[in-house]
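Colleague: Below you will find the structure I want to go over with you.
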Amino acid sequence: MRLARQPLFAAALAAPLFAAAALPAAAEPYAIDPSHTSVTFSVDHLGFSVVHGRFSEFEAEIDFDPDAIETASVAFTIKAATVDTGWGPRDEHVRGADFLDVEAYPDITFVSKSVKLISAERAEVTGDVTIKDVTNEEVFEVVLNKMGPSPFNPDQTIAGFTVTGTIDRTDYGIGYGAPAIGVEMPIRIDLEASPAG
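Numbering (mature numbering (1 follows the signal peptide of the UniProt record, and there is no 0)) for the sequence shown: -27 to -1, 1 to 170.
Following this line, the structure appears as structure tokens:
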């Protein structure tokens, strides 16, 4: 879900705000704040309940020019072994060959291909997701929650985003327990990012 210098998403959505604020137009890397970023997912369990999980280690990269949104790029990498569903035995199973096989495939990645602005606060980011060496094109919606100076440090600009989408795990060769164990997996990324310079 390298899944992104997440800021890229931010940049794409925030372009109109950059222009409105008359900020200088130049490609600029953003860096995520890991203490205020989360990567989560959910899976239906036999129709009885929904299991929620998260990944605790990830890296993001982004390059963005507010005057050339179409050239923005995002890459995001998740460390598969950091999956956490709140129950140790299940986590070990998910790390094994039936699911993520983290020893053979340590990374889950997203690399953007295009950004389509829907409004000043929303965008669709299309890119390649790779899980267990299987790559599929996926589309994620990105919402700009808020962008502005930090109330604790006016010299620091913060952009907050919510990224959502759904993937079919069987498209990546992860068919264990399907369809009793949910196939379609909603993904959500909540993040804060700031200019890296």
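We treat Cβ as the ideally placed atom computed from N, Cα and C, and that holds for glycine.
(1) Between the beta-carbon of Ala54 and the beta-carbon of Val75, is there less than 7 Å?
(2) Give the DSSP-derived three-state secondary structure of residue 180 in the structure shown.
(3) If you draw a straight line from the alpha carbon of Phe144 to that of Pro152, how long is it in whole angstroms?
(4) Would you call the stretch 114 to 122 and the stretch 88 to 97 in contact, with 3 or more CB pairs under 8 Å?
(5) Distance, Cα to Cα, Asp101 vs Thr130?
(6) Can you say whether Ser29 is buried or exposed, counting buried as having 16 or more other CB atoms within 10 angstroms of its CB?
(7) Given this structure, state the Cα-to-Cα distance separating Val84 from Phe49, to the nearest angstrom.
(8) Can you have a look at Ser8 and say buried or exposed, based on whether 16 or more other CB atoms are within 10 angstroms of its CB?
(9) For Ser92, count the other beta carbons within 10 Å of its own beta carbon; 16 or more makes it buried, fewer makes it exposed. Which is it?
(10) Straight-line CA distance for His18 to Met158?
(11) When you compare the CB of Val23 with every CB in chain C, is at least one pair closer than 7 Å?
(12) Which complete alpha helix (DSSP H) runs does the stretch 58 to 103 hold, if anything under 4 residues is left out?
(13) Check the C-beta distance from Glu165 over to Ile35 and give it rounded, since I have them as a contact under 8 Å.
(14) State buried or exposed for Ala77, treating a residue as buried only when at least 16 other CB atoms are found within 10 Å of its CB.
Modeller: In short:
(1) Here residue 54 refers to the residue found at position 81 of the sequence shown. Here residue 75 refers to the residue found at position 102 of the sequence shown. Between Ala54 and Val75, the C-beta gap is smaller than 7 Å, which places the two residues in contact.
(2) It is not possible to answer for residue 180, since the shown part of the chain is limited to -27 through 170.
(3) To locate residue 144, count along the sequence shown from 1; it is residue 171. To locate residue 152, count along the sequence shown from 1; it is residue 179. Sequence inspection shows Asp at residue 144; the Phe mentioned does not correspond to that position. In a straight line, the C-alpha of Asp144 is about 13 Å away from that of Pro152.
(4) yes
(5) As a first step, residue 101 is located in the sequence shown; it is residue number 128 there, counting from the start. As a first step, residue 130 is located in the sequence shown; it is residue number 157 there, counting from the start. Straight-line Cα distance between these residues: approximately 29 Å.
(6) On the sequence shown, residue 29 is found 56 positions in, with the first residue counted as 1. Under this definition Ser29 is an exposed residue.
(7) Along the sequence shown, read from residue 1 onward, the residue named residue 84 stands at position 111. Along the sequence shown, read from residue 1 onward, the residue named residue 49 stands at position 76. Their Cα atoms are separated by approximately 7 Å.
(8) Against the sequence shown, residue 8 aligns to sequence position 35. Label assigned to Ser8: exposed.
(9) Numbered from 1 along the sequence shown, position 119 holds the residue referred to as residue 92. Looking at its Cβ environment, which holds fewer than 16 other Cβ atoms inside 10 Å, Ser92 is exposed.
(10) Looking up residue 18 in the sequence shown gives position 45. Looking up residue 158 in the sequence shown gives position 185. C-alpha separation (whole angstroms): 11 Å.
(11) Protein chain content of the structure displayed is limited to a single chain, and chain C is not contained in it.
(12) Runs of the alpha helix (DSSP H) inside the stretch 58 to 103: 61 to 68.
(13) The residue labelled residue 165 in the question sits at position 192 within the sequence shown. The residue labelled residue 35 in the question sits at position 62 within the sequence shown. Actually they do not touch by this definition, with Cβ atoms about 13 Å apart.
(14) Taking the first residue of the sequence shown as 1, we reach residue 77 at position 104. Residue burial is scored here from C-beta neighbours: Ala77 has fewer than 16 other C-beta atoms within 10 angstroms and is therefore classed as exposed.
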